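The numbering used here puts the first residue of the sequence shown at 1464, with every later residue one more than the last. Quick reminder that beta carbons are idealized off the backbone N, C-alpha and C, glycines included. From a predicted model like this one, the values you see are computed outputs, not experimental measurements. These notes are about the structure you will find just below.
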Amino acid sequence: MMESDAASARGNVPQYSVSEISGAIKRTLETGFGRVRVRGEVTELKRYPSGHIYLSLKDEGGKISGVIWRGTVSRLGMAPENGNEVIATGKVSSYGERSSYQLIIDRMEFAGEGALLANIERLRRKLLDEGLFEADRKKPIPFLPSLVGVVTSRSGAVLHDIRTTIERRFPRDVLLWPVAVQGEGAAAQIAAAIDGMAQRSRRPDVLIVARGGGSLEDLMAFNDERVLRAVAACPIPVISAVGHETDTTLIDLVSDRRAPTPTAAAEMAVPLRSELVADLAHRTARLAGGLSRIMQTSRARLEQATSRLPDLPSLLETARMRLDDRSQRLDLALPAFVMRARSRLDAPVRQLPSPELIVSRATAALTAPSRQLPSPRLMIERRQSALRASETALVSAWQRASQRFHLRVERQRLSPETLNSAIRLQKARLDGLGSHLEAVSPRAILSRGYVLVQDSKGRPVTHSDAEPLNGRVVLSFADGQRGAKLDTLLTSQADLGL
């Protein structure tokens, strides 16, 4: 009886293979739960080279494994980190090979405002330690940009407020890069827009990153690390205008200027044209007034200095009259002075024998009979004595005339040019007389190629037959004497070849 009961019990219990029971459990989990939202703290997070992310969600009472496939990571909505309290959305499935179940996650968001603030605070401390909030790295906003870049949503009132404010204050070109300002992919789009603005060929002079107000979850794209690092690396000055005046995001700390509203950001970007015109008019008036005062002061000083100057036309007329008087007196006195100076210089010359008389005397002495001629040496010495006496007389007369001339010049105060001209004239005359005297000198005759022939007793030999054959004679040249012996008498020029 007992054996029959055991057999009936085995027949009523279904039998499954391992694969069948794993598949049944998987189907039960997937059909029983469908899509679920699980809240928990991220732990055991691992990113694999394949791009998949494996993690676990835990709370006080349990832990569940989760996986984020590579194709879902970019659409997840946030970057999970260990310690983040999140709400993960996905479906429950099982992994039969390990007899385990897991949550396949396709969406994730921070769980509650406290978790969001804690994550923001951790990121703030991280960037603060890196120095991204330092004041010395913030760039100044240009005074009057020619192109204003705007990164915001195409729809909404933010873009309209910025454009109307710029148009009202000082019309400038506006370059819009439309992006999503909340939701999945918003942070990536904003970061790409900031980098793209910096890489344009015509780069904006200032960049406004703006959006309207919203909840903390709505503003999380502007607390994303990718956006913050893009703003920090942007070479363009960035003005952040995210949310309302009371909203604060991390982009406000990284950007170069923070505006409480998009309208205030546009007011920071461009100046008010009416104020510039008024300031320019005020400065122009001050400049014109200062210039007028300077000109008046300079004119008064000039007039004062002019009044102290003498009458220049009167001074010129007096000087001109004095010059004319001196010129007239000089024209009258100069000819008379020159005549008197010439007569004084000619007086010594008139006392000298005339060159013609000296030449005639020398010619008569040379043509006289040889027995009446004195010895050449005596004649030369006499001529030299006469020349020296004439030279001494000329020098004495010249010195006396020069002294009188210089004394007269000092009295008359002739100009140096007139004095030099008179001196050159008298010097030329003296040089001419010296040349005449030198021309009649016996030494000058010898220097022209003539030779004085004398016998052994110093008597001149004037005939070719005056001395016997082979007789000794002395030849006197201009620079010295040579001895010679007479040869045969030459009867013709042809005898020179003998």
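Contacts around ARG1502, its chain only, beta-carbon distance under 7 Å, and the 5 residues preceding and following it disregarded: Residue mapping note: residue 1502 aligns to position 39 of the sequence shown, counting from 1. Excluding sequence neighbours, ARG1502 sits near ILE1550 and ALA1574.
8 Å Cβ cutoff met for ASP1668 and PRO1723: As a working note, residue 1668 is residue 205 in the sequence shown. As a working note, residue 1723 is residue 260 in the sequence shown. Not in contact: ASP1668 and PRO1723 (Cβ atoms no closer than 8 Å).
Pairwise C-alpha distance: ILE1629 and ALA1704: For this step, residue 1704 is matched to residue 241 along the sequence shown. For this step, residue 1629 is matched to residue 166 along the sequence shown. Going by the C-alpha atoms only, they are around 15 Å apart.
Proximity of VAL1644 and ARG1674 at Cβ, strictly below 8 Å: As a first step, residue 1644 is located in the sequence shown; it is residue number 181 there, counting from the start. As a first step, residue 1674 is located in the sequence shown; it is residue number 211 there, counting from the start. Going by C-beta atoms, VAL1644 is nearer than 8 Å to ARG1674.
4-residue-minimum alpha helix (DSSP H) runs that sit fully inside the stretch 1548-1617, ordered along the chain: 1575-1593
Beta-carbon proximity check, LEU1539 vs GLY1529, cutoff 8 Å: Reading the sequence shown from its first residue, position 76 is the one you call residue 1539. Reading the sequence shown from its first residue, position 66 is the one you call residue 1529. Cβ atoms of LEU1539 and GLY1529: not closer than 8 Å.
Test item: CB-CB of ILE1671 and VAL1694 under 8 Å: For the purposes of this step, residue 1671 is taken as the residue at position 208 of the sequence shown. For the purposes of this step, residue 1694 is taken as the residue at position 231 of the sequence shown. Cβ distance not < 8 Å, so ILE1671 and VAL1694 don't count as in contact.
Outcome for PRO1608 when other beta-carbon atoms lying within 10 angstroms are tallied against a minimum of 16: Here the question's residue 1608 lines up with position 145 in the sequence shown. Buried.
Opening and closing residue of the alpha helix (DSSP H) in which GLU1688 lies: In the sequence shown, residue 1688 corresponds to position 225, counting from 1. Per DSSP, GLU1688 belongs to the alpha helix (DSSP H) from 1688-1696.
LEU1735 (DSSP reduced to helix, strand or coil): Taking the sequence shown and counting its residues from 1, one reaches residue 1735 at position 272. Here LEU1735 sits in coil by DSSP.
Cβ pair count under 8 Å reaching 3, the stretch 1674-1686 against the stretch 1727-1744: no
Identity of the residues DSSP links to ASP1636 by a beta bridge: Here residue 1636 is taken as the residue at index 173 of the sequence shown, counted from 1. BP columns for ASP1636 point to LEU1610.
Cα-Cα separation between SER1678 and ILE1625, rounded to whole angstroms: In the sequence shown, residue 1678 corresponds to position 215, counting from 1. In the sequence shown, residue 1625 corresponds to position 162, counting from 1. Those two C-alpha atoms are separated by around 22 Å.
In DSSP terms, what SER1528 is bridged to: Within the sequence shown, numbered from 1, the residue matching residue 1528 stands at position 65. DSSP output for SER1528 lists SER1519 and GLN1565 as bridge partner(s).
Inter-residue Cα distance where the pair is LEU1841 and GLN1866: Translated into positions along the sequence shown, residue 1841 becomes position 378. Translated into positions along the sequence shown, residue 1866 becomes position 403. Distance between the alpha carbons of LEU1841 and GLN1866: 37 Å.
Spatial distance of ALA1796 from ILE1886 (CA atoms): Locating residue 1796 in the sequence shown gives position 333, where the first residue counts as 1. Locating residue 1886 in the sequence shown gives position 423, where the first residue counts as 1. The straight-line gap from Cα to Cα measures roughly 18 Å.
Identity of the residue in LEU1610, ALA1581, GLU1548 and TYR1517 nearest ILE1567 by Cα: Taking the first residue of the sequence shown as position 1, residue 1567 is located at position 104. It is TYR1517 whose Cα lies nearest to the Cα of ILE1567.
8 Å Cβ cutoff met for ILE1702 and ARG1720: Along the sequence shown, one-based indexing puts residue 1702 at 239. Along the sequence shown, one-based indexing puts residue 1720 at 257. Taking 8 Å as the Cβ cut-off, ILE1702 and ARG1720 qualify as a contacting pair.
Whether ARG1945 touches SER1919 by CB criterion (8 Å): Counted from its first residue, the sequence shown places residue 1945 at position 482. Counted from its first residue, the sequence shown places residue 1919 at position 456. Cβ distance not < 8 Å, so ARG1945 and SER1919 don't count as in contact.
For PRO1811 and ALA1864, believed in contact at Cβ under 8 Å, the rounded distance: As a position in the sequence shown, residue 1864 is number 401, starting the count at 1. As a position in the sequence shown, residue 1811 is number 348, starting the count at 1. With 8 Å as the limit, ALA1864 and PRO1811 qualify as a contact, their Cβ atoms being about 7 Å apart.
N-terminal and C-terminal residue of the beta strand (DSSP E) that THR1962 is part of: Because residue 1962 is not part of the residues shown, which for the chain are 1464 to 1961, the question remains open.
8 Å Cβ cutoff met for ARG1632 and LEU1765: Numbered from 1 along the sequence shown, position 169 holds the residue referred to as residue 1632. Numbered from 1 along the sequence shown, position 302 holds the residue referred to as residue 1765. Not closer than 8 Å, so no.
Length of the line joining the Cα atoms of SER1859 and THR1781: As a first step, residue 1859 must be located in the sequence shown, where it is residue number 396. As a first step, residue 1781 must be located in the sequence shown, where it is residue number 318. For SER1859 and THR1781, the distance between alpha carbons rounds to 47 Å.
GLY1770 in three-state terms, based on DSSP: The residue given as residue 1770 occupies position 307 in the sequence shown. The sequence shown places Ser at residue 1770, not Gly. In this structure, SER1770 counts as helix in the three-state DSSP scheme.
Local conformation of LEU1915 per DSSP, three classes: For the purposes of this step, residue 1915 is identified with residue 452 of the sequence shown, where counting begins at 1. Residue state, collapsed to three classes: strand.
SER1884 (DSSP reduced to helix, strand or coil): Here residue 1884 refers to the residue found at position 421 when the sequence shown is read from its first residue. Of the three classes helix, strand and coil, the one that applies to SER1884 here is helix, per DSSP.
First through last residue of the alpha helix (DSSP H) which encompasses SER1536: What you label residue 1536 is simply residue 73 of the sequence shown in a count that begins at 1. For clarity, residue 1536 is Val in the given sequence; the question names Ser instead. Per DSSP, VAL1536 belongs to the alpha helix (DSSP H) from 1533-1536.
Cβ neighbours of GLY1676 in the same chain (closer than 7 Å, five flanking residues each side left out): Here residue 1676 refers to the residue found at position 213 when the sequence shown is read from its first residue. Hits under 7 Å: GLY1706, HIS1707 and ASP1710.
Presumed contact (8 Å Cβ cut-off) between THR1552 and ARG1533, rounded CB distance: The sequence position of residue 1552 within the sequence shown is 89, counting from 1. The sequence position of residue 1533 within the sequence shown is 70, counting from 1. With a Cβ gap of about 18 Å, THR1552 and ARG1533 do not count as contacting.
Close Cβ partners of ASN1582 (< 7 Å) along its chain, the five nearest in sequence each way excluded: Along the sequence shown, one-based indexing puts residue 1582 at 119. These residues qualify, in order along the chain: ASN1547 and PHE1573.
Short Cβ contact (8 Å threshold) for ILE1488 with SER1563: Counting from 1 along the sequence shown, the entry for residue 1488 is found at position 25. Counting from 1 along the sequence shown, the entry for residue 1563 is found at position 100. For ILE1488 and SER1563, no; Cβs fall outside 8 Å.
Beta-carbon separation (whole angstroms), LEU1638 vs GLY1612, contact threshold 8 Å: Numbered from 1 along the sequence shown, position 175 holds the residue referred to as residue 1638. Numbered from 1 along the sequence shown, position 149 holds the residue referred to as residue 1612. With a Cβ gap of about 5 Å, LEU1638 and GLY1612 count as contacting.
Which residues DSSP lists as bridging ARG1720, in chain order: On the sequence shown, position 257 is the one that residue 1720 refers to. In DSSP, ARG1720 forms a bridge with ILE1702.
ARG1846 burial status per 10 Å Cβ neighbour count (16 or more: buried): For the purposes of this step, residue 1846 is taken as residue 383 along the sequence shown, with counting starting at 1. The residue is buried, with at least 16 neighbouring Cβ atoms inside 10 Å.
Rounded separation between ASP1963 and PRO1923 - CA only: In the structure as shown, the chain starts at 1464 and stops at 1961, and residue 1963 therefore has no counterpart that could be examined.
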